[in-house]
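Asker: One structure, pasted below without further comment.
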Amino acid sequence: MKRAEKFFVQYLRDNNLKVTKERLMLLEELFNSTGHLDADSLLFQLRNQGKRVSRATIYRTLDLLVQCGLARKSRLGREHYVYERVTPGKRHDHMVCTGCGRIIEFYDSDLDERQRQVCLEHNFRPSFYSLQIQGLCAECQRNE
Numbered sequence: 007m008k009r010a011e012k013f014f015v016q017y018l019r020d021n022n023l024k025v026t027k028e029r030l031m032l033l034e035e036l037f038n039s040t041g042h043l044d045a046d047s048l049l050f051q052l053r054n055q056g057k058r059v060s061r062a063t064i065y066r067t068l069d070l071l072v073q074c075g076l077a078r079k080s081r082l083g084r085e086h087y088v089y090e091r092v093t094p095g096k097r098h099d100h101m102v103c104t105g106c107g108r109i110i111e112f113y114d115s116d117l118d119e120r121q122r123q124v125c126l127e128h129n130f131r132p133s134f135y136s137l138q139i140q141g142l143c144a145e146c147q148r149n150e
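Using the working numbering, read the sequence shown as starting at 7 and increasing by one per residue.
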């Protein structure tokens, strides 16, 4: 966490942005989370802890964390986005249930290898890769 904080502070300073306690608090909350957060759940969590922060500050800070590479933003549905911390060297993909919104993370080394091979075959250097499979989880299938 300390490395991420130092990196974020330097990123803010390099871009002539203020280093505020709210921004650092949001970074800490994201990095203490084990899953995916949306802006509203983050706001709810912080307010339950007695911390004051505006919804606009949350959205702006999450965008900054994505821009500097410390967070990843994933779209779930038409207008719903979730955020997760980026852990270097720990790539994973997502299955998203369109019934209940559940997010299942998975890693498949064969899939990773195939993606690497496709890039090599096309002499392509990827800068970002994301896979999201949408469908119904086992519980939602049982409830159909």
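Backbone N, C-alpha and C define an ideal beta-carbon position, used for all residues, glycine too.
1) Given 8 Å as the limit, is there contact between the stretch 83-93 and the stretch 42-50, that is, 3 or more CB pairs closer than that?
2) Rounding to the nearest angstrom, what Cα-Cα distance links R19 and A144 in this structure?
3) Between which two residues does the alpha helix (DSSP H) carrying L117 extend?
4) Rounded to whole angstroms, how far is the Cβ of E28 from the Cβ of V59, which I believe are closer than 8 Å?
5) Would you check if the stretch 62-70 and the stretch 103-110 touch, i.e. whether three or more CB-CB distances between them fall below 8 Å?
6) Does F112 come out as helix, strand or coil in the three-state DSSP assignment?
7) In terms of alpha-carbon separation, which member of Q123, R97, D118, V124 lies closest to E111?
8) Could you check the C-alpha separation between L23 and L142 for me, to the nearest Å?
9) Would L49 and E35 be called neighbours here (beta carbons separated by less than 8 Å)?
10) Just confirm the distance between the C-beta atoms of L32 and I64, as a whole number of angstroms; I'd bet it's less than 8 Å.
Answerer: From the atom records:
1) Yes, since at least three Cβ pairs between the stretch 83-93 and the stretch 42-50 fall closer than 8 Å, the two stretches touch.
2) Approximately 47 Å between the Cα atoms of the pair.
3) Residues 115-127.
4) About 5 Å separates the beta carbons of E28 and V59, which is inside the 8 Å limit, making them a contact pair.
5) For the pair of segments examined, the stretch 103-110 was found not to touch the stretch 62-70: the number of CB pairs separated by less than 8 Å stays below three.
6) Residue state, collapsed to three classes: strand.
7) With distances taken between CA atoms, E111 lies nearest to R97 out of Q123, R97, D118, V124.
8) About 42 Å.
9) Cβ atoms of L49 and E35: not closer than 8 Å.
10) With 8 Å as the limit, L32 and I64 qualify as a contact, their Cβ atoms being about 6 Å apart.
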